[in-house]
Amino acid sequence: MTLQLTVPNMACSACANNITNAVKTIDASAIIQADPTTKLVSVDTQASATAIKDALAAAGYPAT
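Here it is as C-alpha cells:
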C-alpha cells in the first residue's frame, strides 16, 4: 500500500532523512520518498497507516 502524507515541519534533507529512518523502524523494506520542498512523503509499505503516522509523530514529524 502506498501512503501519501503531508509533514508540515519537514524543512530540509536532514528532516527527510529522519523521516525515512523513522519509517524504516516500522517496515525495513518500505520505500520512502520525502520532499522537503513540497512537504510530501510517499511511503510504499506493508505496515498500517496508523503505525507509520505514530512512528513519524514519535520522531517529531506528525503527518496528516
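Per full-length UniProt numbering, numbering through the sequence shown is continuous, rising by one, with the last residue being 64.
Glycine residues also receive a C-beta, built at the ideal position from the N, C-alpha and C atoms.
None of the values given here were measured: they were computed from a predicted structure.
Original post:
Hey, does residue 44 have any beta-carbon neighbour from chain C nearer than 7 Å?
Top reply: Note that chain C does not occur in the displayed structure, where there is just one protein chain.
Original post:
Under the rule that 16 or more other beta-carbon atoms within 10 Å means buried, what is residue 10, buried or exposed?
Top reply: When all chains shown are included, residue 10 counts as buried.
Subject >> Coarse secondary structure for residue 29, derived from DSSP in three states >> reply: Note: residue 29 maps to coil in three-state DSSP.
Subject >> C-alpha distance - residue 56 paired with residue 38, whole-angstrom precision >> reply: Straight-line Cα distance between these residues: approximately 17 Å.
Original post:
So, helix, strand or coil for residue 50, using DSSP?
Top reply: In the structure shown, residue 50 adopts helical secondary structure according to DSSP, grouped into three states.
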